[in-house]
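Novice:
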Amino acid sequence: MSDWNTNIIEEFRANGGTVTTMGFGRGLVLLHHLGARTGTERVSPLAAIRADADTWLLAASKAGAPDNPDWYHNLRAHPEVSIETPDDGTVEVTARVLEGEARDEAWGRFTAMSEGFRSYEQKTTRVIPVVELTRR
């Protein structure tokens, strides 16, 4: 997975945020986050929905795995992070895990956007978290 992520990150940066691999287009952000235990800086390419000019949504789907992705745990431990975006460059943001109706509404946007997200929900028994990133 690491090599795949590295290739996606390189393509994102080389093409101003456009990633043709797997048809991502301009739908990714690069999340800069710190390891929850190690404090090591990491970069993860993630599908994002731009909710408004100052807000992005991320789904902690991990392709339907039974556990949450590492980046999700990292954001819970260190919510002040940055993202590289196709349109706004690098943006300082604060992460907040959505709950209840807000989470369900945001998750609905992901499942409406992609069959992949609908299939992830069917592969797991966990409720897939949605994280809201708000510009600081």
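Residue numbering for the sequence shown follows this note's numbering, beginning at 1327 and increasing consecutively. The beta carbon of each residue, even a glycine, is placed where N, CA and C say it ideally should be. No experiment lies behind these values; they were computed from the predicted model shown.
Once DSSP output is grouped into helix, strand and coil, what is the label at Asp1378?
Specialist: Looking at Asp1378 - three-state DSSP - the assignment turns out to be strand.
Novice: How many angstroms separate the CA atom of Tyr1446 from the CA atom of Pro1455?
Specialist: Rounded to the nearest angstrom, the two C-alpha atoms are 12 Å apart.
Novice: Glu1458 lies in the beta strand (DSSP E); which residues open and close that run?
Specialist: Element bounds for Glu1458: 1456-1461.
Novice: Identify which residue in Asp1380, Leu1360, Gly1361, Ala1389 has its Cα closest to the Cα of Gly1442.
Specialist: It is Ala1389.
Novice: By DSSP's criteria, Glu1410 is part of a beta bridge. Which residues make up the other side?
Specialist: BP columns for Glu1410 point to Leu1356, Thr1416.
Novice: Can you name the start and end residues of the alpha helix (DSSP H) that Ser1328 belongs to?
Specialist: 1328-1340 is the extent of the alpha helix (DSSP H) around Ser1328.
Novice: Give the straight-line distance between the Cα atoms of Thr1451 and Glu1406, rounded to the nearest whole angstrom.
Specialist: Looking at the two C-alpha atoms, the distance is approximately 29 Å.
Novice: Tell me the rounded alpha-carbon separation between Glu1336 and Val1419.
Specialist: Spanning the two alpha carbons is a distance of roughly 22 Å.
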